[in-house]
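To keep things clear, I will list the structure first and then write my remarks on it.
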Amino acid sequence: MKRKRIVVMGFMGGMPIAGVIWQHIHYIVGLQRLGHDVYYIEDSARIPYNPQTFDTNNDFTYAATILAQLANEFGFANRWAFCARYLPGNPTAGLRLTKIQQLYLEADAILNICGTQEFNDDLRRSDAILYIESDPGVEQIKVDKKIRSTIEYLGQHRALFTFGENVGTSRFPVPLRKLQWLPTRQPVVTDLWKTSRAPAATAVLTSIANWSTSGLKDIEWRGEKYLWSKSREFLRFVAAPKKAGEPFELATDIKDEKTRRKFLQNGWRFRRPHEMSVDYWQYRDYIRRSKGEFTVAKDQYVRLRTGWFSDRSACYLAAGRPVITQETGFTDHYGNDGGLFAFRNLGDIAEAVREINADYKKHSRAARAVACEIFEAEKVCAQILDRAGV
């Protein structure tokens with residue numbers, strides 16, 4: 000592949016929590032390993048969040064510090080910028096605004112990770128912007144409901160990609176209204192997660208989740224409400240540890256005492272998520288020390304049968320940790336063949352745990368193999384550029 004100039008745009012400085020950081024880093028490193036000149040630009044009117052103080056304010060010192068640190072660790076030093084569009088004069092850290100404007104004009108591709116980048120006059124000069132959707136369902140429903148702002152926003156992109164691998168097929172019920180959505184998935188640099196250390200005998204199935212997301216992207220469509228929170232799905236399967244006969248652990252913060260007690264009574268353990276949220280290496284170590292992952296999917300992904308798969312679950316697989324996750328239709332494409340199990344009910348969960356325990360080494364190897372075959376960053380990033388005609 001001919002060397003290209005690629006700009007990755009996202010929000011790992013403005014929302015510098017570990018899961019978000021890894022999601023972006025995999026694109027940057029994957030594209031670097033393909034031999035491209037890769038830049039990371041954050042250019043937003045959103046006020047940044049500081050996970051150490053739990054605060055949002057105009058000061059972007061923390062965002063700039065974490066981006067400089069990541070740039071040094073992952074090979075894009077002197078190729079990053081944070082532009083505070085919310086302040087007069089659009090001050091920047093890293094690259095100057097004139098360099099950012101030049102990159103927008105010269106880039107062969109600009110990846111809008113998670114579709115979070117707003118358009119400004121500088122960015123509108125590019126015709127190379129690729130929309131990478133991590134949360135399928137909402138935008139397709141908005142288009143079907145003829146919401147003009149969504150249609151106009153999506154229309155400013157050269158190509159539209161989605162983690163919903165069933166979007167545009169007969170398995171996905173929402174009409175696309177002439178928009179073409181291309182399937183993709185989260186890239187993972189698998190060697191960053193590889194470990195030769197087996198989990199301790201006391202290790203359990205774990206997961207990491209933000210409990211309080213209900214309402215953020217909830218949407219109604221054809222008389223039904225589709226939720227963007229995992230909390231309801233976790234509650235539906237609260238008896239999973241008891242049914243499987245062993246404890247599960249969840250790194251989350253459930254503030255409602257009655258709900259928390261219900262989980263504890265069903266064999267769940269809790270881990271405070273804050274430390275690993277602000278330290279992306281601790282986040283990685285937590286996953287690599289786990290026996291595997293048990294998790295659910297958001298209501299939208301499940302009922303719309305999107306084919307979505309979690310970027311965090313892909314990291315568990317890359318670490319050689321088996322994953323048991325809720326069926327969203329992803330098994331139409333991969334999985335359910337050792338190392339990665341989809342479930343629809345409590346019986347499926349118990350059976351998956353039994354199979355993993357019967358031959359853990361086999362399922363650990365299989366999990367790693369799925370990650371390398373399906374989610375390897377160089378493969379996924381090359382497919383994005385190829386399908387976009389870059």
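Numbering follows numbering that gives the first Met the number 0, in which position 328 of the sequence shown is assigned residue number 327; successive positions increment by one, without gaps.
Heads up, the beta-carbon is just placed ideally off N, CA and C, and yes, glycines get one too.
These numbers were taken from a predicted model, which means no experiment stands behind them.
Quick check on the burial criterion: 16 or more other C-beta atoms within 10 angstroms. Buried or exposed for residue i?
i	result
R231	exposed
R367	buried
K257	exposed
T408	Nothing in the structure corresponds to residue 408, since the chain is present only between 0 and 389.
I348	buried
H362	buried
P87	exposed
G18	buried
W79	buried
R196	exposed
A76	exposed
E274	exposed
R311	buried
R2	exposed
D134	buried
From residue i to residue j, what does the alpha carbon distance come to, in whole angstroms?
i	j	result
P186	Y26	6 Å
F53	S289	27 Å
K144	G154	16 Å
F374	R95	34 Å
P90	D278	27 Å
P246	F236	13 Å
D298	W227	6 Å
Q116	Y152	10 Å
R343	R221	24 Å
R184	Y85	32 Å
N265	D42	45 Å
V37	Q281	26 Å
T60	A127	30 Å
T173	Q139	Here residue 173 turns out to be Val, not Thr, going by the sequence shown. Distance between the alpha carbons of V173 and Q139: 7 Å.
R45	R123	18 Å
A243	V203	12 Å
F341	W307	Phe is not the amino acid found at residue 341; the sequence shown has Ala there. Cα to Cα, A341 sits roughly 12 Å from W307.
T64	N209	24 Å
S276	H23	15 Å
D120	R259	48 Å
L66	K229	29 Å
T330	D336	9 Å
L410	Y39	The first residue shown for the chain is 0 and the last is 389, placing residue 410 beyond what the model contains.
G74	A106	19 Å
Between which two residues does the beta strand (DSSP E) harbouring residue i extend?
i	result
P182	W180 to P182
R4	R4 to M8
E223	E223 to Y225
E219	I218 to W220
A341	L339 to F342
A199	Segment: none, A199 is in no beta strand (DSSP E) and carries neither H nor E.
A158	A158 to T161
Can you name the start and end residues of the alpha helix (DSSP H) that residue i belongs to?
i	result
T97	L96 to E105
S148	R147 to G154
Y427	The chain is shown only over 0 to 389; residue 427 falls outside these bounds and no answer can be derived.
H360	The sequence as given places Lys at residue 360; His does not occur at that position. Start and end: Y359 to V369.
L122	L122 -> no alpha helix (DSSP H), and no H or E assigned at all.
I207	Not the alpha helix (DSSP H): I207 falls in the beta strand (DSSP E), residues L204 to I207.
E377	A376 to R386
L234	S230 to R235
I112	Per DSSP, I112 belongs to no alpha helix (DSSP H); it is in the beta strand (DSSP E), A108 to I112.
A243	A239 to A243
K177	Note, K177: premise wrong, no alpha helix (DSSP H); not H, not E.
D336	It is not in any alpha helix (DSSP H) - D336 carries neither H nor E in the DSSP assignment.
Q139	V137 to D143
Tell me, to the nearest whole angstrom, how far the beta carbon of residue i is from that of residue j; I am working on the premise that it is less than 8 Å.
i	j	result
K137	K216	Sequence check: residue 137 is Val here, not Lys. Right, the Cβ-Cβ distance comes to about 5 Å (below 8 Å), so this counts as a contact.
A313	A158	That belief does not hold up - the Cβ atoms of A313 and A158 are roughly 22 Å apart, past 8 Å.
T305	T324	13 Å between Cβ atoms; not a contact.
I20	M11	5 Å
C380	L33	6 Å
P47	A62	4 Å
L102	I131	So it is not a contact: roughly 18 Å between Cβ atoms.
W192	T161	That pair is no contact at about 24 Å.
A376	G29	3 Å
H250	Y285	Checking the sequence shown, residue 250 turns out to be Ala, not His. That belief holds up - the Cβ atoms of A250 and Y285 are roughly 7 Å apart, short of 8 Å.
G328	N165	5 Å
E350	R320	The Cβ separation is near 18 Å, so there is no contact.
M8	I112	6 Å
E248	R271	Between R271 and E248 the Cβ distance is about 11 Å, and since that is not below 8 Å, they are no contact.
G338	A318	Actually they do not touch by this definition, with Cβ atoms about 11 Å apart.
L316	V352	Not quite, the Cβ-Cβ distance comes to about 17 Å (not below 8 Å), so this is no contact.
Give a single yes or no on whether residue i has its beta carbon closer than 7 Å to a heavy atom of the ligand FMN.
i	result
D36	You won't find the ligand FMN in this model; it holds no ligand whatsoever.
Length at least 4, wholly inside the stretch 248 to 321: the alpha helix (DSSP H) runs in chain order: 256 to 264, 273 to 277, 279 to 288, 298 to 302 and 310 to 317
So within the stretch 41 to 93, which uninterrupted alpha helix (DSSP H) runs reach at least 4 residues, ignoring any that extend past its ends? 60 to 73
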